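Heads up: the sequence shown runs through residues 1 to 242, numbered per our numbering.
A virtual CB, placed ideally from N, CA and C, is assigned to each residue, including glycine.
Values in this document were obtained by computation on a predicted structure and should not be read as measured data.
Here's the structure, in structure tokens; my notes come after.
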Amino acid sequence: MELHTFKDYHSMSHAASDSMLRAVMSKPDAVICLATGHTPCLTYRLWVEKILQKNINVSNCFFIGLDEWVGIRADKEGTCHHFLYNYIFHPLHVPESNLHLFNPMSKNLEEECVQMNEIIHSRNGIDMITLGIGMNGHLGFNEPGASLYNDAHVVKLDATTQTVGQKYFATVQSISRGITIGLRQIMQSKKIIVLANGFGKAHIIKQALEGKISTSLPASLLRNCHQATCYIDEEAATLLRK
Ligand code: F6R
């Protein structure tokens with residue numbers, strides 16, 4: 001994995017959005033998987049702006065959801081659905097036929113996983129994935145201890161994720177389960193962009209980049225991925241060895 005450190009959140013987001021732009025320019029029918037959360041907000045805003053300004057054709061790209069909170073209506077503010085429509089699908093006018101997200105209210109979540117696996121497989125995998133890093137080192141909802149060999153699956157969320165996840169919602173939610181694509185699918189993605197900013201992420205970044213590479217800290221596994229680039233700001237890099 002390559003590591004790039006930037007002065008601040010803005011310059012980090014610019015660089016990451018440029019990398020995302022190069023990906024869709026070089027593969028106009030890319031399969032794209034995007035994390036939600038606070039970290040990538042500016043990267044996505046800049047990416048969309050640049051696509052529109054430069055008139056890049058993304059009408060043949062296919063978007064898949066990385067993860068979702070189980071049992072929360074998709075249209076509620078705070079869900080991954082809501083985020084992706086707001087930041088990406090509405091501004092880029094992505095038609096429903098060009099996207100597939102997990103249905104968090106499905107009565108058959110196993111079937112949701114099967115469908116997602118089939119879609120990823122039939123499209124020859126993910127061309128570009130943009131990830132954030134959880135406060136416990138999770139990727140998507142692959143929590144500490146997740147298997148390297150997992151495809152899409154339903155997961156009992158770790159206590160940290162349940163607590164931290166409340167920040168996305170206006171009122172307290174019961175978010176005990178998630179649905180996510182697996183570590184195998186993430187690590188097989190052809191281009192991996194991983195983002196982290198702010199002092200709050202400094203400790204987990206140190207562990208992920210300088211600690212043991214282990215499924216007990218999923219983000220550390222990306223160090224074995226030659227196709228991964230990590231973009232962080234100086235605040236997130238504070239605890240790293242110089
Ligand atoms: C959300 C997701 C999560 C977040 C991570 C960081 O779709 O996949 O893994 O990327 O929890 O969240 P923020 O960016 O809010 O710190």
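Proximity to residue i [Cα-Cα], best of the options
| i | options | result |
| --- | --- | --- |
| G125 | V94, L209 and V31 | V31 |
| V164 | I129, G134 and L139 | G134 |
| G140 | S216, T215, E68 and P40 | E68 |
| R241 | Q227, A228, Q207 and H226 | Q207 |
| T161 | L148, D151 and S176 | S176 |
| G200 | T39, A159, S13 and Q53 | T39 |
| G71 | V154, K212 and R123 | V154 |
| T171 | T79, R123 and T36 | T79 |
| G132 | L42, K7 and D29 | L42 |
| S174 | L157, P28, S189 and G211 | L157 |
| T36 | I51, K107 and Y85 | Y85 |
Simplified DSSP state of residue i, which is helix, strand or coil
| i | result |
| --- | --- |
| R177 | strand |
| M12 | helix |
| K167 | helix |
| G65 | strand |
| C225 | coil |
| A196 | strand |
| L217 | coil |
| M105 | coil |
| H81 | helix |
| I129 | strand |
| K212 | coil |
| H100 | strand |
| I204 | helix |
| R184 | helix |
| L240 | coil |
| D18 | helix |
Sub-8 angstroms separation of residue i and residue j beta-carbons
| i | j | result |
| --- | --- | --- |
| L183 | M1 | no |
| S17 | L46 | yes |
| L34 | F63 | yes |
| L217 | G137 | yes |
| V194 | A228 | yes |
| H152 | I186 | In the sequence under discussion, the amino acid at residue 152 is Ala, which differs from the His named in the question. No. |
| A219 | M128 | no |
| Y87 | D233 | no |
| L99 | F89 | yes |
| T238 | S147 | no |
| V58 | L101 | no |
| E112 | N103 | yes |
| I213 | N224 | yes |
Residues that residue i bridges to, as DSSP identifies them
| i | result |
| --- | --- |
| T160 | BP columns for T160 are empty, so no partner. |
| V31 | F62 |
| V155 | G178 |
| F141 | Note: F141 sits in no beta bridge, so no partner. |
| T5 | I232 |
| L52 | Paired residue(s): none; L52 is not in a bridge. |
| K191 | M128 |
Any C-beta of chain C under 8 angstroms from that of residue i
| i | result |
| --- | --- |
| T79 | This model lacks chain C altogether; it includes just one protein chain. |
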